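Working notes for the structure below.
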Amino acid sequence: MNRIADVSRNTNETKINIKINLDGIGKYNIDTGVNFFNHMLESFSKHSRIDLDIKANGDVEVDDHHTVEDVGILLGEAFSIAIGDKRGIKRMADAIVPMDESVATVAIDISGRSYCNMVFDFKNEKIGDLTSDVIVHFFESFASSSKINIYCDAKGFNDHHKAEAIFKAFAKSIKEAIKVEHDQIPSTKGVL
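Numbering (the numbering used here), first residue to last: 451 to 642.
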């Protein structure tokens, strides 16, 4: 089974290429032009053991919104291609990850339907060079284009810790949900 994808997205606002290997070792090469976002995606790769190669050139001189949104869209598309017909996957998983005073719970369902429910907020407008409110938008974009359900609840006082706990919990839940356990489509419908 080769669960890999190589996708590109070119618009007037961004030019992005993503390579993904769902059965990797957590190797990454990520450059989005937004340093804190790079850090979050690197953490996701490491803890999901999904190999990621992401190169994004966006209009970050305007702000980081278009870059983060389009990486979310394209990463979701790459994930959808790589996961294929979902035959044999565990499909649903969850994870709770603490980071110092913060904790994040993420549950996902690789269902073929998109839904994103994020229950958290940040105290500051920026976390490093990343606008904090685009984190929710990243997950909404990923859920929409990958056609998965994502639920996240996070608490804490330090925005950096909270964001990192969220990305790590997402990584751990994805890692578990994509595990191949059998050779059947995990749905009573027979298709996902």
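Glycine included, every Cβ here is placed at the ideal spot set by N, Cα and C. Here the structure is a predicted model, which is why all the values come from computation and not from measurement.
Which residues in the same chain as residue i place their Cβ atom closer than 7 Å to its Cβ, once the five residues preceding and following it in sequence are excluded?
i             : result
glycine 474   : Arg499, Ile500 and Asp501
alanine 613   : Met490, Ile577 and Ile585
aspartate 633 : Arg537 and Gly538
serine 591    : Glu519, Gly522, Ile523 and Gly526
Below 8 Å on the Cβ atoms is my guess for residue i versus residue j; work out the distance and round it to an integer in Å.
i                 : j             : result
phenylalanine 486 : aspartate 579 : 6 Å
alanine 506       : aspartate 481 : 7 Å
glutamate 463     : lysine 540    : Contact doesn't hold; Cβ gap of about 36 Å is too wide.
alanine 604       : alanine 543   : No, alanine 604 and alanine 543 are not in contact; Cβ-Cβ is about 17 Å, not under 8 Å.
alanine 532       : arginine 459  : Going by Cβ atoms, the distance from alanine 532 to arginine 459 rounds to 16 Å, so no, they are not a contact pair.
Which same chain residues end up closer than 6 Å to residue i when comparing Cβ atoms and leaving out the 5 residues on each side of it in sequence?
i                 : result
arginine 537      : Ile635
tyrosine 601      : Ala557 and Asn567
phenylalanine 572 : Ser582 and Asp609
Which partner residues does residue i have in the DSSP bridge list?
i              : result
asparagine 460 : Lys465
methionine 568 : Cys602
lysine 636     : In the sequence on display, residue 636 carries proline and not lysine. DSSP, once it has assigned bridges, lists no residue as partnering proline 636.
aspartate 481  : Lys505
serine 552     : Met549
lysine 576     : Thr581
Among the residues of its own chain, which have a CB less than 8 Å from the CB of residue i, if the five just before and after it don't count?
i           : result
valine 584  : Asp514, His515, Val518 and Glu519
glycine 476 : Ser495, Lys496, His497, Ser498, Arg499, Ile500 and Asp501
So the candidates are the options; which of them puts its Cα closest to the Cα of residue i?
i                 : options                           : result
glutamate 511     : Ser493, Phe494 and Gly483         : Gly483
histidine 611     : Glu463, Val547, Asn460 and Gly534 : Val547
threonine 461     : Lys629, Lys496, Leu472 and Leu524 : Leu524
alanine 619       : Leu472, Asn488, Lys477 and His497 : His497
alanine 545       : Asp559, Asp535 and Val521         : Asp559
alanine 528       : Thr638, Glu463, Phe588 and Lys469 : Lys469
phenylalanine 589 : Asn574, Lys605, Asn608 and Ile616 : Ile616
Would you call the stretch 554-567 in contact with the stretch 589-606, where contact means no fewer than 3 C-beta pairs closer than 8 Å? yes
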